[in-house]
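In my numbering, the protein residues as written are 138 to 534.
Next comes the structure, spelled out in structure tokens:
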């Protein structure tokens, strides 16, 4: 027994020695010093005839001569390949540092690539362990990602700062909502839900930028059928989708005073709830939206702070919100694309019925659902001045 054990040990040692002597290589990379990494903040994806074009935006900090304060710099580089992974590896052929994708925050997908189908373009980013799944995904409207990046990433104005700005400040209008990569993966994997992603497009100086540079602007949502972009123009649906998703943080609703002057209302709080029920085999979903708002501007000297006038302003506000929501619901039912999340409402209310009856034919079920939209508007305050301007001159005329 001892002799057999000794033979096994000797055989194991010989095998280990042979493996070492043959020079077996490790198939993964070791650590890399930070100064040898190329930190990438934005990735653009475009469809080309031969495959895919990847555009990267890097971020680098270097000290100025004679000083210690770091100066932020950014470069734009492109590479092509038959697949996304091949294109990314092709960067290694000409960059002086190892591309590091662990700090990517934004993924911009060109319109042609989105029309071709998202899955093959985002598969690498979903699988690679270096990439964070909370990066934000955008669709580039009416352009390719390389063009937008090249025209907006400037020496002292970087595209990732602009993207961060519009993402953080979107609450002011609530016309779009950021969508992470992990949420994109979840919706694409869900057979009864449809994907929506925020859109951006180039704007020129005449569109609101008071210098010679170009910038980017949000343009509502892009709607997908499966993983392919639907080409309809539907920028106006942005806030309606957010009403349905209960993602409204703020915004402006303009209504009319009794004399026809504009009155600006600011949304300061909102909440959306759903009720699903079945009456005589008919599926009915009730959407209930509660809004609190304030009067922020009056383009008139008339006194609107009376009970009847406030009720009239609230009614107008409720009608506007109901119309925004109804447009989105009608579009979803017409296209048979559930990007509004109606399936989740029914699933949570009737889980067994949904799995047994509705799930496999949800597209047809969706188009036949009766939606009731009820809005509860409430104007609760104004700001520093309660009386209208010049109300004491000419009896408020």
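Even for Gly, the Cβ is constructed at its ideal location relative to N, Cα and C. Here the structure is a predicted model, which means the values were calculated and not measured.
Check your understanding: What's the C-alpha gap between residue 403 and residue 520?
Key -> Approximately 11 Å between the Cα atoms of the pair.
Review point. Would residue 380 be called buried (16 or more neighbouring beta carbons within 10 Å of its own) or exposed?
Key: Burial call: buried.
Review point. Can you tell me where the beta strand (DSSP E) with residue 358 in it begins and where it stops?
Key: Looking at the DSSP string, the run of the beta strand (DSSP E) that includes residue 358 is 352-362.
**Study point:** Cβ-Cβ separation, residue 510 to residue 463 (assumed contact under 8 Å), whole Å
**Key:** For a cut-off of 8 Å, the C-beta gap from residue 463 to residue 510 is around 6 Å, short enough to register as a contact.
Check your understanding: In the segment 394-472, which residue ranges form an unbroken beta strand (DSSP E) of at least 3 residues, counting only runs that do not cross its ends?
Key -> Taking only runs of at least 3 residues, the beta strand (DSSP E) segments lying wholly in the segment 394-472 are 399-416, 419-435.
Review point. Run through DSSP, which three-state label would residue 220 get?
Key: Here residue 220 carries a coil assignment [DSSP, helix/strand/coil].
**Study point:** Burial state of residue 281 (16 or more Cβ within 10 Å)
**Key:** Classification for residue 281: buried.
Point to revise | Limits of the beta strand (DSSP E) - the one that residue 482 falls within | key: Premise fails: residue 482 lies in the alpha helix (DSSP H), 479-486, not in any beta strand (DSSP E).
Review point. In whole angstroms, what is the alpha-carbon distance linking residue 292 and residue 211?
Key: If you take the alpha carbons of residue 292 and residue 211, they lie about 7 Å apart.
Check your understanding: Considering only residues of the segment 299-327, which uninterrupted alpha helix (DSSP H) runs meet the minimum length of 4 residues and lie entirely inside it, listed in chain order?
Key -> Assignment of alpha helix (DSSP H) within the segment 299-327, counting only whole runs of 4 or more residues, yields 318-326 in chain order.
Review point. Rounded C-beta distance between residue 375 and residue 361? I'm assuming under 8 Å.
Key: Contact flag wrong, Cβ pair sits at about 15 Å.
**Study point:** Under 8 Å between C-beta atoms of residue 407 and residue 336
**Key:** Not a contact, by the Cβ cut-off of 8 Å.
Review point. Can you list, in chain order, the residues of its chain whose CB lies under 8 Å from that of residue 441, leaving out five sequence neighbours each side?
Key: For residue 441, where only same-chain residues beyond five positions count, the Cβ hits under 8 Å are 394, 395, 400, 432, 435, 447, 450, 525.
Practice item. Please report the residue range of the alpha helix (DSSP H) in which residue 239 lies. Key: Here residue 239 belongs to no alpha helix (DSSP H), and DSSP marks it neither H nor E.
**Study point:** Cα-Cα separation between residue 187 and residue 479, rounded to whole angstroms
**Key:** In this structure, the straight-line span from the alpha carbon of residue 187 to that of residue 479 is close to 40 Å.
Review point. Which partner residues does residue 294 have in the DSSP bridge list?
Key: As a beta-bridge residue in DSSP terms, residue 294 pairs with 291.
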